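In the working numbering, each number is its position in the sequence shown, counted from 1, plus 550.
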Amino acid sequence: MRRVVVTIDGPAGAGKSTVAKMVAAQLSYRLLDTGAIYRTVAFVAVNREVGFDAGQALADIATSLDIRFEIDGDRNRVFLGDREVSTEIRTPEISKAASHVSAHPEVRAALLDLQRRLAVGGGVVVEGRDTGTVVFPNAEAKFFLTASDEVRARRRVSELHAIGQPADLQTTLTEIRERDNRDATRAVAPMVQAVDAERIDTSGRSLDEVVADLVARVHRKIAKVNASVVA
Ligand code: DC
Numbered sequence: 551m552r553r554v555v556v557t558i559d560g561p562a563g564a565g566k567s568t569v570a571k572m573v574a575a576q577l578s579y580r581l582l583d584t585g586a587i588y589r590t591v592a593f594v595a596v597n598r599e600v601g602f603d604a605g606q607a608l609a610d611i612a613t614s615l616d617i618r619f620e621i622d623g624d625r626n627r628v629f630l631g632d633r634e635v636s637t638e639i640r641t642p643e644i645s646k647a648a649s650h651v652s653a654h655p656e657v658r659a660a661l662l663d664l665q666r667r668l669a670v671g672g673g674v675v676v677e678g679r680d681t682g683t684v685v686f687p688n689a690e691a692k693f694f695l696t697a698s699d700e701v702r703a704r705r706r707v708s709e710l711h712a713i714g715q716p717a718d719l720q721t722t723l724t725e726i727r728e729r730d731n732r733d734a735t736r737a738v739a740p741m742v743q744a745v746d747a748e749r750i751d752t753s754g755r756s757l758d759e760v761v762a763d764l765v766a767r768v769h770r771k772i773a774k775v776n777a778s779v780v781a
């Protein structure tokens with residue numbers, strides 16, 4: 551069986567991270583969380599006090615980023631050099647910073663190669679904003695996950711509470727709307743649904759239901775790819 555590339559794009563809180571992790575586990579595929587890469591660049595920038603408008607300095611951070619992922623049970627741990635940054639890159643401050651940092655074309659260009667290298671050989675589920683449009687335009691299975699703003703804000707609040715961060719619904723809803731607007735309207739690689747992506751609305755659906763749906767769709771894509779290889 552050919553091992554394909556599966557992309558899952560969509561706005562914040564649509565369920566991408568959890569769904570991508572579970573789909574990867576069920577397919578025995580690797581997971582590539584591209585948002586964590588942008589978050590780690592933002593984390594370094596904030597720590598070094600590099601301004602969000604300093605495109606080239608931010609791109610330099612991206613180019614030399616020493617990032618590593620480690621799957622540990624159901625956790626996808628992120629390391630910057632030897633230091634684990636899994637929790638620190640998930641704060642609202644870094645969410646906002648990542649959205650600003652990721653709008654720079656130089657930063658996106660610097661991370662393109664890294665993302666493609668991390669997915670070499672296929673058999674990978676990639677999640678982000680532009681993975682089906684720009685990073686892996688030839689991916690065999692593409693999805694665009696969405697949910698209503700309120701559902702997404704509620705999920706984000708629960709996620710933050712789960713890692714011990716304070717969060718309230720109204721502030722989170724405002725932040726999510728601002729971030730989506732910035733991500734969707736930037737000039738380079740904006741968050742848009744790829745023409746060949748399947749749109750999945752996760753509002754009102756259980757996690758297990760969405761994961762089963764995606765896995766079934768990926769299996770159908772794999773069968774199609776294999777049939778065309780044989781033909
Ligand atoms: O998926 P996330 O919330 O961890 O992503 C954080 C930010 O990174 C998001 O607001 C926009 C940016 N991002 C991006 O521009 N392109 C990607 N492929 C992934 C994330």
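Cβ coordinates follow ideal geometry from the N, Cα and C atoms, glycine included.
From a predicted model like this one, the values you see are computed outputs, not experimental measurements.
Exercise. Measuring CA to CA, which of 646, 772 and 667 is closest to residue 732?
Worked result: Of the residues 646, 772 and 667, the one whose Cα lies closest to the Cα of residue 732 is 646.
For this session: Grab the span of the alpha helix (DSSP H) containing residue 656 for me, first residue to last.
Result: Element bounds for residue 656: 655-668.
Problem set entry | C-alpha gap between residue 708 and residue 567, whole angstroms | Here the C-alpha atom of residue 708 lies approximately 14 Å from the C-alpha atom of residue 567.
Problem set entry | DSSP three-state assignment for residue 690, whether helix, strand or coil | For residue 690, the secondary structure class from DSSP, reduced to helix, strand or coil, is coil.
For this session: Identify every residue that forms a DSSP beta bridge with residue 630.
Result: Looking at the DSSP assignment, residue 630 forms a beta bridge with 617 and 633.
Problem set entry | Residue from 552, 576, 551 and 581 whose Cα sits closest to the Cα of residue 558 | Checking every option, the nearest Cα to that of residue 558 belongs to 581.
Problem set entry | Residue interval of the alpha helix (DSSP H) (run including residue 600) | Taken as a continuous stretch (DSSP letters only), residue 600 belongs to no alpha helix (DSSP H), as it is neither H nor E.
Exercise. What are the boundary residues of the alpha helix (DSSP H) that residue 568 is part of?
Worked result: Its alpha helix (DSSP H) spans residues 566-577.
Exercise. In three-state terms, what does DSSP make of residue 672?
Worked result: When DSSP states are grouped into helix, strand and coil, residue 672 belongs to the coil group.
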